[in-house]
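Some notes on the structure that comes next.
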Amino acid sequence: MILTVVGARPQFVKAAVVSRALARAGVEERIVHTGQHYDHGMSRVFFEEMEIPEPEVNLGVGSGSHARTTAAMLAGLEREIEARKPRWVLVYGDTNSTLAGALAAAKLNVPLAHVEAGLRSFNRRMPEEINRIVADHVADLLLCPSAAAARQLEREGITRGVHVVGDVMVDAVLHYAGRAVPCPLPGEFALATVHRAENTDDPARLATLLETLGSLDLPVVLPLHPRAREAMARVGLAAAGRLQLIEPLSYLQMLGYLQACAFVLTDSGGLQKEAYVLGKRCITLREETEWTELVELDANRVVGVDPRAIRDAIPWARRPLGERTWVYGDGRAGEAVAALLCGMRTGAWS
Ligand code: UD1
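For the sequence shown, this note's numbering begins at 1351 and goes up steadily by one.
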């Protein structure tokens, strides 16, 4: 039996793909939800529309400081792993739920598999970077989205159990694109998201960013993450100019908005790839990206939050994106993950 740990929005998307592949391969899976994300629009709706198996348990950890929430997850996960004695613990990505799942499994000597291994921003001020490094260094099976990620692990001395399987988020876009909810907005617009602590937790930076988004020469639609909503409320910030704030979107709605938009502006990791798969250019509102292949392909520009740099990138972003390269696999990463977890060493795309 495989015990899967999820807790935050991007993990639901990744788990949807792998859970389906595990079920097809006849592998028994139990899902534990840490409760890191708990609003209907941040959690439940993903399970419903992506048909993710119901979690066996929700640890209900909720919001709080990194230490308090991670500690609560650790205690809950230790209990679940000890009670269920899984063959593998499976964690995804870089959130605090990933960190807790990885540590709990490693301390109990239960084999750990990490999907999205080997990614680095080389910015240790990001909590996500710490989470990735720890997870990779205690994992037994490291499932990399790209060859560059595997090379990074090698540089860190990790060579055993490393497999390039492609990116499960690409599988998700390809699988669900045909079921996208059509975007209700008429006319040209850009799609933006903002949720990273580095952008939301500094009021001056957030204010500049929102002001810039509102001052572009087309409407910008921003589905608001609760972290950004709270940060705005704390310092009394509101949308201005052509910036339109909307509630968080479900996955199928997000695909519809991505298909309809002119281009994307984001500090999310997942959206950078989703934009590319759906043929949109992306302006990344961070100082660095883990997905450097997209920069090399001239599909992504990493500009930070400098107003001038954002404005200067707009004509580039409007240009159609030509032929795409399947740099993160061809949509069969989930199958490759399932095959490796079953002990078969086949199915990887490289
Ligand atoms: C987390 C992940 C990040 C991932 C992102 C996707 C960490 C360190 N970061 O960031 O890697 O890209 O999820 O969304 O794990 N909140 C609600 N309702 C919810 C969820 C959150 O109101 O359903 C609020 C809480 O007040 C919380 C804040 O949003 O304090 C931020 O949530 P948190 O889980 O700390 O991190 P994210 O910014 O979502």
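Cβ coordinates follow ideal geometry from the N, Cα and C atoms, glycine included. It should be emphasised that the depicted structure is a prediction, and the values quoted were computed from it without experimental measurement.
Does any heavy atom of the ligand UD1 sit closer than 7 Å to the C-beta of Q1386?
-> Taking the first residue of the sequence shown as 1, we reach residue 1386 at position 36. Yes, since a heavy atom of the ligand UD1 falls inside the 7 Å radius drawn around the Cβ of Q1386.
Could you check the C-alpha separation between A1540 and F1613 for me, to the nearest Å?
-> Mapped onto the sequence shown, residue 1540 falls at position 190. Mapped onto the sequence shown, residue 1613 falls at position 263. If you take the alpha carbons of A1540 and F1613, they lie about 5 Å apart.
At a Cβ threshold of 8 Å, is A1547 touching chain C?
-> No chain C is part of this structure, which consists of one protein chain only.
Q1594: first and last residue of the uninterrupted beta strand (DSSP E) it sits in | By 1-based counting over the sequence shown, the position of residue 1594 is 244. Looking at the DSSP string, the run of the beta strand (DSSP E) that includes Q1594 is 1593–1596.
Taking all protein chains shown into account, decide if A1698 is buried (16 or more other Cβ within 10 angstroms of its Cβ) or exposed.
-> As a working note, residue 1698 is residue 348 in the sequence shown. Per-residue confidence for A1698 stands at a pLDDT of 43, beneath the threshold of 50, marking its modelled position as unreliable; no derived number is given.
Determine, using beta carbons only, whether T1543 and D1617 come nearer to each other than 8 Å.
-> As a working mapping, residue 1543 is identified with position 193 in the sequence shown. As a working mapping, residue 1617 is identified with position 267 in the sequence shown. Yes, the pair counts as a contact, with Cβ atoms nearer than the cut-off.
According to DSSP, which residues form a beta bridge with A1540?
-> Along the sequence shown, one-based indexing puts residue 1540 at 190. In the DSSP output, where bridge partners are listed per residue, A1540 has V1570.
Between the C-alpha atoms of P1360 and L1605, what's the straight-line distance to the nearest angstrom?
-> Stepping through the sequence shown from its first residue, residue 1360 is reached at position 10. Stepping through the sequence shown from its first residue, residue 1605 is reached at position 255. P1360 and L1605: Cα-Cα distance of roughly 14 Å.
Please confirm whether any heavy atom of the ligand UD1 lies closer than 7 Å to the CB of R1474.
-> Residue numbering aside, residue 1474 sits at position 124 when the sequence shown is read from its first letter. Not under cutoff, so the answer is no.
Would you kindly check if the distance between the Cβ of V1488 and the Cβ of L1453 is under 8 Å?
-> Within the sequence shown, residue 1453 is the residue found at index 103, counting from 1. Within the sequence shown, residue 1488 is the residue found at index 138, counting from 1. Cβ atoms of L1453 and V1488: closer than 8 Å.
With hydrogens ignored, establish whether the beta-carbon of S1393 is closer than 7 Å to any heavy atom of the ligand FMN.
-> In the structure on display, the ligand FMN does not appear, and the ligands it does have are the ligand UD1.
Cβ of D1517 within 7 Å of any heavy atom in the ligand UD1?
-> Here residue 1517 refers to the residue found at position 167 of the sequence shown. No - the ligand UD1 has no heavy atom lying nearer than 7 Å to the Cβ of D1517.
Residue from I1352, V1570, G1684, I1660 whose Cα sits closest to the Cα of V1460 | As a first step, residue 1460 is located in the sequence shown; it is residue number 110 there, counting from the start. Per the Cα distances, I1352.
From I1381 to V1514, what does the alpha carbon distance come to, in whole angstroms?
-> In the sequence shown, residue 1381 corresponds to position 31, counting from 1. In the sequence shown, residue 1514 corresponds to position 164, counting from 1. If you take the alpha carbons of I1381 and V1514, they lie about 24 Å apart.
Quick one: any contact between the region 1621–1638 and the region 1664–1683, if contact means 3 or more CB pairs under 8 Å?
-> yes
Within the same chain, show all residues whose beta-carbon is closer than 8 Å to that of I1596, passing over the 5 residues directly before and after it, in chain order.
-> In the sequence shown, counting from the first residue as 1, residue 1596 sits at position 246. Answer for I1596: V1571, L1572, P1573, L1574, listed in chain order.
What are the complete alpha helix (DSSP H) segments, minimum 4 residues, inside the region 1425–1449?
-> none
Rounded to a whole number of angstroms, what is the C-alpha to C-alpha distance between A1689 and G1564?
-> Here residue 1689 is taken as the residue at index 339 of the sequence shown, counted from 1. Here residue 1564 is taken as the residue at index 214 of the sequence shown, counted from 1. Rounded to whole angstroms, A1689 to G1564 spans 47 Å at the Cα level.
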